[in-house]
Structures are given as C-alpha cells and as structure tokens.
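> Before anything else, here's the structure in question.
There are 2 protein chains.
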Amino acid sequence: MKFSARTVRTSRYPVLIGEGALEHLQKELKGFWKMKSQILILTDANTRRFCLPELLNRLPLLEEATVLSVDAGEEKKSLLIAEYLWKELGSHHADRASLLINLGGGMVTDLGGFVASAYHRGISTIHLPTTLIGQIDAAIGGKTGVNINSLKNQVGTFYSPHGVYVWPGFLITLPMAQVRSGLAEVAKAALIQDEQFWRWLTRKPLLQILEIPFTEPFWKEVLLRSIRIKMDIVKQDPFERNRRKLLNFGHTIGHAIESFSLRRETLVLHGDAVAAGMLCEGFLSLHKTALDPLQLEEMIRWILPGFGKFPLLEENGAAYLDLMQHDKKNRQQEIRFTLLSGIGKGKINQACTPGQIHEALSAYDTL
Amino acid sequence: MKFSARTVRTSRYPVLIGEGALEHLQKELKGFWKMKSQILILTDANTRRFCLPELLNRLPLLEEATVLSVDAGEEKKSLLIAEYLWKELGSHHADRASLLINLGGGMVTDLGGFVASAYHRGISTIHLPTTLIGQIDAAIGGKTGVNINSLKNQVGTFYSPHGVYVWPGFLITLPMAQVRSGLAEVAKAALIQDEQFWRWLTRKPLLQILEIPFTEPFWKEVLLRSIRIKMDIVKQDPFERNRRKLLNFGHTIGHAIESFSLRRETLVLHGDAVAAGMLCEGFLSLHKTALDPLQLEEMIRWILPGFGKFPLLEENGAAYLDLMQHDKKNRQQEIRFTLLSGIGKGKINQACTPGQIHEALSAYDTL
C-alpha cells in the first residue's frame, strides 16, 4: 500500500534597505505586540554595547524586550552556545508565537537564525545585521549555522526570517578591519556576476574606499548592488543545488583558512580569508576555466594591497587540503570549486585535484 | 528600498506500507548507489541487535552501508547524542548527497531526522520505523526533535524524509509493552477523528488484542487506518498551525508525565503516558467541550484495564503543571489542550486554568 505525503513551505519576506529600515521595523513590531507575542533580542558583547542603545533609542517599544547576549567572536558560533540559548528561551517561557531579533554580524544572525529555526520546531526571527558583511551577505538568503570541531557551519538549516532590516547607521560602529572584511564579499559579488560593478568598485584602491564616510551615496550603492546580486542568485536556487554555489567563489579555500585559524585560536576575519581564497581560486581559474591572466593580475592589484597576505603553504598546506575535504560543497571527497571564466563570470562545480590546489596555494605564496 | 525574498520548499515523499515495503526500498536504494552516494544507517542498541540483521538479510546491498549506533531509550534523544552523530557523519566524510536511514522507533526517527535536517543544512533521510508507535505515528509527518532539560522535543525541525517504509515484519521483535504503547496512539487517532474506527478497535479488550499474531489482517487494518488518519491531518496542516493540533489529544498531560519520568529516571513508555493523558483530558472535555459522560466511561472501560494507572497528584501535581507550561502548543503561558466533544470529534485550542487541570488530575486519580 502506498500513500504520498507532502510538505510545502513557502515564504516571502521583506528585505528593507536604507535610512528608513528601522521605521519599517517599528511598524512590523507593533503587529507582534498586538498579538501579545514575546520579543527577544540576541546580541553579542559588541552589539549590546554599541548597537543596542541606538536601537532602543530609535525604537522605544523594544525597551520591554528580553535581551539575550553571548560573547563576541566566530568561535562562539557553537552548539554549546546554541544549547545555552535554547535553555534561555525555555526559561523565559518563549513560545511558538515569540519573535527573536538577531542584532549583530554574521555570527549573531547565523547563530540566532539556527536557534530560532529549531526552537519548538521554528519560531519567527528577524535579522538586523550590523556589519557590512552581515548586511550584504550573511543575513541575506536564509542560511543558518554553527561550527563543529572548528568546521564552519557544519550544522545548520535553511530557514526564512520574518524579515531583514538593513540600516546603514550601524556601520559607523564598525572597526575599519570589519569594513574591509565586508568589502571582500562585495568584491566577490561583483566578480561572479557583474563586471560593470567590479569596474565601478575598483576605480578607487581599497584603502581609499575605507576613508569614504558612510553617509556618502557610494555606500548606498554598494549595499544595493551587492544585496541585489545575492538575492537574485538565492531566489533562483534557495537550497544551493546549483546556481547558488556561485556565491562560494573564494570560499572553499577561504573557509579552510578560517577553520585553520579557529583551530589555532588566532582568528582571521571572514572577508580577509575570502580575499586570499579568491586569489588562490583565481590561480586555479587560469587552468581550469581559462581566466585571462590579465584579469587575474587586475584582481591581484586591487585585492592584495588592501587585504594583505597569509603565509599558506609554508605554514601547513596539508592541513588546508584536509579542511577543504570537509567542505559542504564536495561530493564524495572530490574537491569542487566555483571558479571564474572571466571577471563577472562565475563557473560552478569545478573539480580540482590536490596537486592543482597545491600549485595554486604555491602561486599565491610567491606573490 | 524594499526587496522581497522568497523561500520555497516543496516535497512529496512516498509512505509505503506492508509486506512489500522493503522491496520498494531496495529499488529506491539502487538509485542512491548509482549516484555513488554514501549510505549510513542509524540504529539503537535494540534495533542493531534485533532488526538490522533481518534488514541486511533482505536487502544485501546495505551490507556496504556504514552503521552508526546509539544506546536505546528516550533519554538518549539529546543534543549531546545529536552532536556525537554530527561528528560521526563528519568523520565518515558524509556529504550533501549522503543518505541517512533511521532504523528504529520514535526515538531513532526523531533523532536521526533532526541530525539529517541540520547536517550540512540538510541531507536525505529515510525512516524505517520498527515499533508500532513509530510505524503509525512518530515516523509519519515530518517532525523531528531532541529533548532538552528533560523537556520533550524542545529543539527540532519540520523536515520531510525522502521516504517512509513501514514493514510490519519488524513488529515481531517488540516486547508486548511496546505494542501496548503503540495502541495508545492508535486509540488516539480513532478518538480524534474516526468514531467507526474506535468502535471496530474496541470490540476486543486491549489485553486480547495483544494476543493477536502480527500476521493477522487485524494489524494491517490497524496500520492502514491509523496512518491514513495521521497523513490526512498532516497534509492539511504540515506546520501545526491549527488542524494538526488534533494529534495532541492526550499529549499535553501525557508529555508532562513523560517529562517528569525523564527527570526522575524512572522511564514511562510514551503510549502509557498518553493513555493516562487521554483519560485526564477526557475529564477536562466533560466541562470544556461537553463530552458525553457515557462516552468518557466507555473510554475509561477500554483504556484503564489495558494501560493501568499512574498515581499523579499524590506524587507531584505542581510539577506536572509546571511541565505543561513548557509545552510547545501553549501561547503566553496559557495552557491549551486538544479535547473531545465526542468520540471521533477532537477540538483544538481549548484553554484550561490550573484549577480545571488540577480537578481533572484529581478525577483521574480517584478512578
């Protein structure tokens, strides 16, 4: 006897970008208060200190919300901390109608999104990204996750937030290194899909961009263009079966650099690791996807002076390869990359051998 | 600036019931081998010993699968064990194309379903329920979960399996207490939706039913009717916004009894707790939803001699109330029940006061 069962989950959620984002959020929250739902805010130590006061100042109705806080740092995106938060939600009697607002960078939105996705099989969650990388990348697209055994996002879910509110005002709280890290993801978005955006972005060296005040129209353009690219890709392939893998350019090697740094407790910023990853994967692209060497040179010229260099092979080439084999994009231990056939043209599912990878790391090391 | 994002997840999966279920599974697995996907089997100590040999005997192509095993018992449905399994999947290089087969009762399918739903943001999973309660209830409907702080399924996901294969042959491995526990869920399915099924089921006393060999058509009928009721309800409301709450009849008080037993490490079987819960909630139904006292008497006559009685209030009435307040069906600490307005007629969202609940527990205690 055969029956057929069916599960359908459809959700459409708003992504609001710009000065007015918090006003839109306020309207939305009034609906939650009207339903007598409990609202909780997740922060890390930094956003509790630097962003929460500003948020409460602008949205006084959040004064009544319960604030949960965790230490800052990617290494806190762990199952242990998720368990702590599930217990906290329980002891605050959070129920299925409760709302968890994640106020922070990618660590907070990944962690809070995961916690919300599995508490009582899923409660509402809103992302309020406070870092550049969070605003253009981490908080967009419905991925959540925590690290296990120092492997990035080994455990997580696809979970749609109730909404994402991108308020550029939070960016002034960032140290310059965080802004630089975010610009690596901006560059990635351009490199995989939008050559014209790349040309526009790289008219100025990265160090000059870091001097531009956040009130300048330049940043609004950066946010809008980057978010549009990410959403466009995610909409076509929410569960990363094919096209979404484009977003992984620079990340296979970048994640290995990050995981290695988690292991050694000398933390590397995500964007800095991705910048190095993009150059290494640029070298792979020369042979695998016929990237024009002149275009690779152009990438190196803009990326290298801005992000600096990691000593890769001389430190531990074998450890990187081992870490890459744990990457979620792999099939059957074969290592697959997203590479470039040109600036603005990403190519997914490029299988590379350990020898080819070693060669690319080595080419990067001799830059 | 406002964008709209969308996530859609649609899946339809087969539920195969009967002697031929394993042959269908075999066909399905050939597809996985063809894709060179890794297959892993999750068992507990009991199913490893009593069910796995039979499965390998009938499906020799599973000899190559990796077997992961955990201790038996509801208290093993924990985050700690989930983490152990995520690490095991990692060390076996399981990737997104891997398949996890859950061979066991509700503990194994809940736990394995949760682990699969969050490993690399979701891998394929197949349920092979081996207990009566698993075959008619736990493995059907896409709920996964683990317990936290001795609270049942505090953390979990809605996650569609790739398929569910209900092979009655596994039932002969069960101790009689497990079959009895499953019959509580059979009775519940009848009570909430199908009076005729209730009449058919209760023609014989429960103790006589336990003597019927599993090869008799009686059991096929039990499986088909119970599974049909569950699937019918789940299809209409996969995420338990309304109609699916029907399935919680007997469970608000039943879960409290179970959670209390987890705390004290004197384990009570799920169905036995639900049987007591159905009677207590039957008493609540007299006042709240005008259940006919004669129908309640009829329920008591069939349920009580079969499932026995727990001393509730005399043990710790306050602890039960406290545990019910953690139930996932609640809103704002108000305790909501699914009650009966008649046999075969469940009514969701019935808020009861602590006083009413105390009275119902007390009425049960004096039976």
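Order-wise, the sequence lines are chains A and B. For the first sequence, counting from 1, position 281 maps to 333 in our numbering; every step adds exactly one. For the second sequence, counting from 1, position 329 maps to 381 in our numbering; every step adds exactly one. Note that CB positions come from ideal geometry on N, CA and C, so glycine has one too.
Quick one, are the C-beta atoms of Leu276 (chain A) and Val231 (chain A) less than 8 Å apart?
Numbered from its first residue, the first sequence carries residue 276 (chain A) at position 224. Numbered from its first residue, the first sequence carries residue 231 (chain A) at position 179. Their beta carbons are not under 8 Å apart, which means Leu276 (chain A) does not touch Val231 (chain A) by this criterion.
> With a threshold of 6 Å on Cβ separation, who are the neighbours of Ala149 (chain B) within its own chain once the five nearest residues in sequence on each side are excluded?
Counting from one through the second sequence, the residue named residue 149 (chain B) turns up at place 97. Once the five neighbours on either side are set aside, the close Cβ partners of Ala149 (chain B) are Ser89.
> Nearest by alpha-carbon distance to Thr497 (chain A): which of A:Leu111, A:Glu333, A:Leu299, A:Thr267 is it?
Outside the displayed range of chain A (53 to 419) lies residue 497 (chain A), so it cannot be described from this structure.
> Is Asp147 (chain B) helix, strand or coil when you go by DSSP?
Indexing the second sequence from 1 puts residue 147 (chain B) at position 95. Reduced to three states, the DSSP call for Asp147 (chain B) is coil.
> Using a beta-carbon distance below 8 Å, is Gly186 (chain A) in contact with chain B?
Against the first sequence, residue 186 (chain A) aligns to sequence position 134. So no, Gly186 (chain A) is outside the interface.
> Using a Cβ-Cβ cut-off of 8 Å (strictly less than) and excluding sequence neighbours within five positions of Leu259 (chain A), which residues of its own chain qualify?
In the first sequence, the residue the question calls residue 259 (chain A) occupies position 207. Result list for Leu259 (chain A): Pro357, Gly358, in chain order.
> If we ignore side chains and look at the alpha-carbon of each, how far apart do Leu365 (chain A) and His307 (chain B) end up?
Within the first sequence, the letter at position 313 stands for residue 365 (chain A). Within the second sequence, the letter at position 255 stands for residue 307 (chain B). Answer to the nearest angstrom: the Cα atoms are 55 Å apart.
> Using three-state DSSP, classify Asp324 (chain A) as helix, strand or coil.
Along the first sequence, one-based indexing puts residue 324 (chain A) at 272. If DSSP states are grouped into helix, strand and coil, Asp324 (chain A) belongs with the helices.
> Please list the terminal residues of the continuous alpha helix (DSSP H) segment that includes Gly407 (chain A).
The residue you call residue 407 (chain A) lines up with position 355 of the first sequence. Start and end: 406–417.
> Three or more C-beta pairs closer than 8 Å, one from the region 185–195 of chain A and one from the region 278–291 of chain A: is that the case here?
Touching, per the Cβ criterion.
> Distance, Cα to Cα, Ile217 (chain A) vs Asp96 (chain A)?
Stepping through the first sequence from its first residue, residue 217 (chain A) is reached at position 165. Stepping through the first sequence from its first residue, residue 96 (chain A) is reached at position 44. Here residue 217 (chain A) turns out to be Tyr, not Ile, going by the sequence shown. Roughly 18 Å separates the two Cα atoms.
> For Val326 (chain A), which of A:Ser393, A:Glu268, A:Ala239, A:Leu253 has the nearest alpha-carbon?
Reading the first sequence from its first residue, position 274 is the one you call residue 326 (chain A). When each option's Cα is compared against that of Val326 (chain A), the closest is A:Ala239.
> By the DSSP assignment, the alpha helix (DSSP H) with Phe270 (chain B) in it spans what residues?
The residue you call residue 270 (chain B) lines up with position 218 of the second sequence. Start and end: 269–288.
> Within the 8 Å Cβ cut-off, does Thr14 (chain B) reach chain A?
The shown model of chain B, from 53 to 419, leaves out residue 14 (chain B), and the question about it has no answer.
> Look at the alpha carbon of Phe84 (chain B) and the alpha carbon of Asn201 (chain A), and state the distance between them as a whole number of angstroms.
For the purposes of this step, residue 84 (chain B) is identified with residue 32 of the second sequence, where counting begins at 1. For the purposes of this step, residue 201 (chain A) is identified with residue 149 of the first sequence, where counting begins at 1. Distance between the alpha carbons of Phe84 (chain B) and Asn201 (chain A): 28 Å.
> Listed from N- to C-terminal order along the chain, which residues in the region 255–288 of chain B have their beta-carbon within a distance smaller than 9 Å of any beta-carbon of chain A?
Answer in chain order: Lys272, Leu275, Leu276, Ile279, Arg280, Met283, Val286, Lys287.
> Pick helix, strand or coil for Thr390 (chain A), following the three-state DSSP scheme.
For the purposes of this step, residue 390 (chain A) is taken as residue 338 along the first sequence, with counting starting at 1. It is a strand residue.
> In chain order, which continuous runs of the beta strand (DSSP E) of length 3 or greater are located wholly inside the region 176–264 of chain B?
If we require 3 residues or more, the beta strand (DSSP E) runs fully inside the region 176–264 of chain B come out as 176–181, 198–200, 203–207, 215–218.
> Can you list, in chain order, the residues of its chain with a C-beta nearer than 8 Å to that of Met228 (chain A)? Leave out the 5 residues immediately preceding and following it.
Counting from one through the first sequence, the residue named residue 228 (chain A) turns up at place 176. Only Leu262 meet the Cβ criterion.
> Output yes or no for whether 8 Å exceeds the beta carbon distance between Ala117 (chain A) and Asn98 (chain A).
Along the first sequence, read from residue 1 onward, the residue named residue 117 (chain A) stands at position 65. Along the first sequence, read from residue 1 onward, the residue named residue 98 (chain A) stands at position 46. Contact flag unset, no.
> If you draw a straight line from the alpha carbon of Glu126 (chain B) to that of Gly329 (chain B), how long is it in whole angstroms?
Along the second sequence, read from residue 1 onward, the residue named residue 126 (chain B) stands at position 74. Along the second sequence, read from residue 1 onward, the residue named residue 329 (chain B) stands at position 277. One C-alpha to the other measures close to 18 Å.
> Considering only the beta carbon of each residue, do Gly158 (chain A) and Gly186 (chain A) sit closer than 8 Å?
The count along the first sequence starts at 1 and reaches residue 158 (chain A) at position 106. The count along the first sequence starts at 1 and reaches residue 186 (chain A) at position 134. In this structure, Gly186 (chain A) lies closer than 8 Å to Gly158 (chain A) by Cβ.
> Rounded to the nearest angstrom, what separates Leu77 (chain B) and Leu68 (chain A) at their Cα positions?
Along the second sequence, one-based indexing puts residue 77 (chain B) at 25. Along the first sequence, one-based indexing puts residue 68 (chain A) at 16. Whole-angstrom Cα-Cα distance: 46 Å.
> On the CB-based measure, 16 or more other CB atoms within 10 Å of its CB, does Lys399 (chain B) come out buried or exposed?
The sequence position of residue 399 (chain B) within the second sequence is 347, counting from 1. Result: buried.
> Closer than 8 Å by beta-carbon distance: list the chain B residues that pair up with Val67 (chain A), in chain order.
Reading the first sequence from its first residue, position 15 is the one you call residue 67 (chain A). Lys54, Phe55, Ser56, Ala57, listed in chain order.
> Leaving out five residues on either side along the sequence, give the residues of the same chain with a beta carbon under 7 Å from the beta carbon of Trp138 (chain B).
Residue numbering aside, residue 138 (chain B) sits at position 86 when the second sequence is read from its first letter. Taken in chain order, the residues that qualify are Val167, Tyr171.
> Using the three-state DSSP reduction, which class does Asn401 (chain A) fall into: helix, strand or coil?
As a working mapping, residue 401 (chain A) is identified with position 349 in the first sequence. It is a strand residue.
> So what does Ser56 (chain B) bridge to, in DSSP terms?
Start at 1 with the first residue of the second sequence, and residue 56 (chain B) comes out as number 4. In the DSSP output, where bridge partners are listed per residue, Ser56 (chain B) has A:Pro66.
> Near Ser393 (chain A), what residues of its chain come up, given a Cβ to Cβ distance below 8 Å and the 5 sequence neighbours on each side ignored?
By 1-based counting over the first sequence, the position of residue 393 (chain A) is 341. Within the same chain, Ser393 (chain A) has close Cβ partners Ser337, Thr341, Ala342, Leu343, Lys399.
> In chain order, what residues of the same chain have a beta carbon less than 6 Å from the beta carbon of Ser278 (chain B), not counting five sequence neighbours either side?
The residue labelled residue 278 (chain B) in the question sits at position 226 within the second sequence. So the list reads Ile188, Val238, Ala241, once near-sequence residues are dropped.
> Can Leu262 (chain B) be considered in contact with the ligand MG, in the sense that its beta carbon sits closer than 7 Å to one or more heavy atoms?
The model on display carries no ligand, and the ligand MG is accordingly not part of it.
> To the nearest angstrom, how far is the alpha carbon of Gly396 (chain B) from that of Gly234 (chain B)?
The residue labelled residue 396 (chain B) in the question sits at position 344 within the second sequence. The residue labelled residue 234 (chain B) in the question sits at position 182 within the second sequence. So the two alpha carbons sit approximately 18 Å from each other.
> Can you list, in chain order, the residues of its chain whose CB lies under 6 Å from that of His179 (chain B), leaving out five sequence neighbours each side?
Here residue 179 (chain B) corresponds to residue number 127 of the second sequence, with the count starting at 1. These residues qualify, in order along the chain: Asn154, Thr161, Ala191, Pro213, Val216.
> Tell me the rounded alpha-carbon separation between Glu106 (chain A) and Asp324 (chain A).
Position 54 of the first sequence holds residue 106 (chain A). Position 272 of the first sequence holds residue 324 (chain A). For Glu106 (chain A) and Asp324 (chain A), the distance between alpha carbons rounds to 28 Å.
> Going by DSSP in three states, Ser311 (chain A) sits in which element: helix, strand or coil?
Working through the first sequence from its first residue, we reach residue 311 (chain A) at position 259. Note: Ser311 (chain A) maps to helix in three-state DSSP.
> DSSP beta-bridge partners for Asn154 (chain B)?
Against the second sequence, residue 154 (chain B) aligns to sequence position 102. Asn154 (chain B) is bridged to B:Leu94, B:His179.
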